[in-house]
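Numbering (my numbering), first residue to last: 6 to 490.
Think of the CB as a built atom: it goes at the ideal place given N, C-alpha and C, for glycine as much as any other residue.
Just below is one structure, and these are the notes that go with it.
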């Protein structure tokens, strides 16, 4: 094993604080993400699964990530290994991989290949670990994952992991028996048994919330931040979002008392996580307690129509230098079409409150390419952003609309790539000097769209693209060979 790679992993691990887990369980699980450490350790879901798996009797779960430099592992012939015991991932009984969205597919294949585990499930034998997937992508369309995963945990893991681990403990390394038993567990999709028939999503009961961090590191965007779930799901029914429509559970609030009890004394920064945290009725009280303790605070989702001067002032005291909100569609007409009640005046008022609180900028997320979008809608967006910029500098972060399976707009066509580029160019040419534009890639939005509406054949196309370097040209050639659409 290469000493330089081992030293880099060991240094990262030793700089963390939090719960330490045993590494000598009878059943050993390697928990992976198809992203680098910097991104993977920012995921509360990843950390929650790590903690849940380590609570099972006779089970030990360790972490691994897509390396910062996969080529160095190949050059030094070093198999991917875990952070806790530095053991090869291929030596574990099970590899659990959390996948967030479609463009992480090449990272999934890279992790398996670097682990020296056959990428295609049909090529694995009895001596290979079971490869189990899960994560946010299961709320949309996990079918493109079918060629690579032996089984998939659909939806929320809290109620599915206990029967899954019981099956694995009971059947040991007998792959065929394990997969046959898992196929009958609610919330588990076994591609070899179910084909393309997806089971319903699993939903965690309220008493299993909140999820919290188990390890804290400085090496993420959320440096040194202890994460705690303020709410799960969403009470809003936005037409582009898979969250509420797929679970049917609306928004499950975590009481403020339960949230505050989870925060360890050594925490200096706290992240409140959820799809719509500003809809939490006790948010101001929670922030007040945390700020009075001298803690920095981050909130994962701020809705402009829920902000008020008191809340924004608390965020400033909690360390915010820039307010981040979402405009979604380019105009009020499009936002209404998407099921969003957000008005332009809400966004303008958010800019004013950020300036009054002493923040240096406001960041606004907006989508282009929403079905029915016209030049007039783009004009409305640029007028709105320039109006906000008269009060405070604006960072406008554009994304291209990608419809997801399970939402009312999932079958909407994707605009021509050149057309999307022209729309972006049109918006960029009408923004003033106080607006900084963050540009997306129309090409990669197109790839995401193709995978989002795909089937297992699309997964095989992803495999082909990955083998050819995973660049856009490789994706375009590979997707042209599929017959999914």
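With respect to the 8 Å criterion, residue 461 and residue 201 are classified as neighbours on the basis of their beta carbons.
In the three-state reduction of the DSSP assignment, residue 327 falls in the strand class. Per the DSSP secondary-structure output, residue 83 pairs with nothing in a beta bridge. Contact annotation: residue 240 and residue 277 have beta-carbon atoms that are not nearer than 8 Å.
Note on geometry: alpha-carbon atoms of residue 396 and residue 291 lie some 29 Å from one another. When only Cα atoms are considered, residue 94 and residue 284 end up about 41 Å apart. Residue pairing by DSSP places residue 368 opposite 329, 400 in a beta bridge. Look at the region 142-230 and you find these whole runs of beta strand (DSSP E), each 3 residues long or longer: 156-158.
Ranked by how close their Cα comes to the Cα of residue 258, the residues 231, 268, 288, 242 have 288 in first place. Annotated as distal: residue 335 and residue 369, with beta-carbon spacing of 8 Å or more.
Counting along the chain, the unbroken alpha helix (DSSP H) around residue 432 starts and ends at 422-433.
Secondary structure note for residue 68: its beta strand (DSSP E) is the uninterrupted segment 64-70. Taken through DSSP and simplified to helix, strand or coil, residue 375 comes out as coil.
Between residue 364 and residue 406, the CB-CB gap reaches or exceeds 8 Å.
Between the alpha carbons of residue 325 and residue 19 lies a gap of roughly 29 Å. In the three-state scheme derived from DSSP, where H, G and I count as helix and E and B as strand, residue 34 is classed as strand. Ranked by how close their Cα comes to the Cα of residue 410, the residues 52, 83, 149, 74 have 149 in first place. At least 8 Å separates the beta-carbon of residue 390 from that of residue 429.
Its chain contains 328, 367, 397 as the residues whose beta carbon lies nearer than 6 Å to that of residue 359, once the 5 sequence neighbours on both sides are disregarded; these appear in chain order. Here the alpha carbons of residue 35 and residue 176 stand approximately 18 Å from one another. Nearest to residue 458 by C-alpha distance, out of 435, 412, 478, 425, is 412.
In the structure shown, residue 137 adopts extended strand secondary structure according to DSSP, grouped into three states.
For a cut-off of 8 Å, the C-beta gap from residue 210 to residue 190 is around 17 Å, too long to register as a contact. Look at residue 444 here: in three-state DSSP terms it is coil, with no helix or strand label. Nearest neighbour of residue 17 by Cα position, chosen from 216, 299, 194, 225, turns out to be 225. Ranking 58, 107, 52 by CA distance to the CA of residue 218 puts 52 first.
Residue state for residue 6 is assigned as coil, using DSSP reduced to three classes. Each residue's CA atom was taken as its position, placing residue 128 and residue 471 some 17 Å apart. Non-local C-beta neighbours of residue 137 in its own chain, meaning closer than 8 Å and more than five positions away in sequence, comprise 99, 100, 101, 102, 154, 155, 156, 157, 158, 169, ordered along the chain.
By the neighbour-count definition (other C-beta atoms within 10 Å, threshold 16), residue 453 is a buried residue. Residue pairing by DSSP puts residue 103 in a beta bridge opposite 139. For residue 339, the secondary structure class from DSSP, reduced to helix, strand or coil, is helix.
The criterion of a C-beta distance shorter than 8 Å is satisfied by residue 448 and residue 422.
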